[in-house]
Amino acid sequence: MILKFGNKMPYGRGYTKSKFVTNSFKIIICYETMIIFKKYIDNGFYMKTMINFIFIFLLLIKITTASSIANPIAQPPLNGEMKKFQLAKNKTSIVEFSWVDGSENQIKLSDFRGKVVLLNLWASWCAPCIRELPSLDRLAKDLDPKQFAIIVLSVDRGKNSIKKADFILNKKLALKNLKFYKDPKKLVGKLLGIRALPTTFLFDAAGRSIGKIEAAVEWDEKDPTKFIKFFRATPNFIDKLPER
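Residue numbers (my numbering): 1395 to 1638.
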């Protein structure tokens, strides 16, 4: 098929016959394609295809939404003083470290496996730390010792400072629910990267870090207690976090 305008071919200067023939074929192909496409539209093929596509798309959304509702990622209650708590943003691995008690017996974090562990680092020269200790003692009294462990770890160095810390905990404050633990070489503090005192870390029952708070807290108040209990009720919280 060759298009003509009267008796003249529609190509002039710079427009050869071969170019004209090539473009003519392109026009014919486009025209035939449009005819085929029109038939599909007339037969409802296009509309059916679009409807099927939309149906599948909505079905996928429904399935995804249903899955999210069925398996929601519960979030800990960061209310009150717990707003300062720095939650882990990614999955954490099981950690292990040790310290000693007043009789120089080695204590390991894994000794408390199966319990949510609150580890508070403090020192005898830290006034906010000392003010915080009684609330930790009351918290330890209120929580089930089979499910939770409240550990206060002195980072004092030198015999005199360690004796002072022991005296504060057991004599001056006369705390009944907390044991005296010490880390004279500050190995735990270095491993956990503490920047200030008091700093309190939270570990889940598997021994994975949940996060920390770098401030003194009234731990036996409603918000902190509810926050800690959340991780006993939601032991797989860390598993829900993204990989590093």
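Every residue gets a Cβ at the ideal spot worked out from N, C-alpha and C, and that includes glycine.
The continuous stretches of alpha helix (DSSP H) do not include GLY1508, and DSSP gives it neither H nor E. As computed with DSSP, PHE1597 is found in a beta bridge with VAL1511 and SER1603. Only residues of its own chain outside the window of five on either side were considered, and among them LEU1591 have a CB closer than 6 Å to the CB of CYS1520, listed in chain order. For the options GLU1615, ILE1622 and ALA1600, the alpha carbon positioned closest to that of LYS1606 is the one of ILE1622.
The straight-line gap separating the alpha-carbon atoms of LYS1485 and VAL1511 is approximately 17 Å. Distance from the Cα of LEU1581 is smallest, within the candidate group VAL1549, ILE1524 and SER1497, for VAL1549. A straight line joining the alpha-carbon of ILE1545 with that of ILE1562 spans about 15 Å. Within a 10 Å sphere around the beta-carbon of ASP1538 sit fewer than 16 other beta-carbons, which makes this residue exposed. DSSP places PHE1491 outside both helix and strand once states are collapsed to three, so it counts as coil. With contact defined as three or more Cβ pairs closer than 8 Å, the segment 1484-1501 and the segment 1630-1637 are in contact.
For VAL1582, the enclosing alpha helix (DSSP H) covers residues 1581-1586.
The continuous beta strand (DSSP E) containing SER1548 extends over residues 1542-1548. Residue burial is scored here from C-beta neighbours: PRO1522 has fewer than 16 other C-beta atoms within 10 angstroms and is therefore classed as exposed. Between the alpha carbons of ASN1514 and ALA1534 lies a distance of about 12 Å.
As the crow flies, the alpha-carbon of PHE1506 is around 25 Å from that of ARG1551. Residue range 1500-1502 is occupied by the beta strand (DSSP E) that includes ILE1501, with no alpha helix (DSSP H) assigned at that position.
In terms of Cα proximity to ILE1588, the closest of GLN1480, THR1628, GLN1469 and LYS1553 is GLN1480. The criterion of a C-beta distance shorter than 9 Å is not satisfied by ALA1559 and ALA1610. For LYS1565, the secondary structure class from DSSP, reduced to helix, strand or coil, is helix.
Within the model, the alpha-carbon separation for PHE1491 versus ASN1473 is close to 30 Å. A distance of 9 Å or more separates the beta carbons of VAL1494 and PHE1597.
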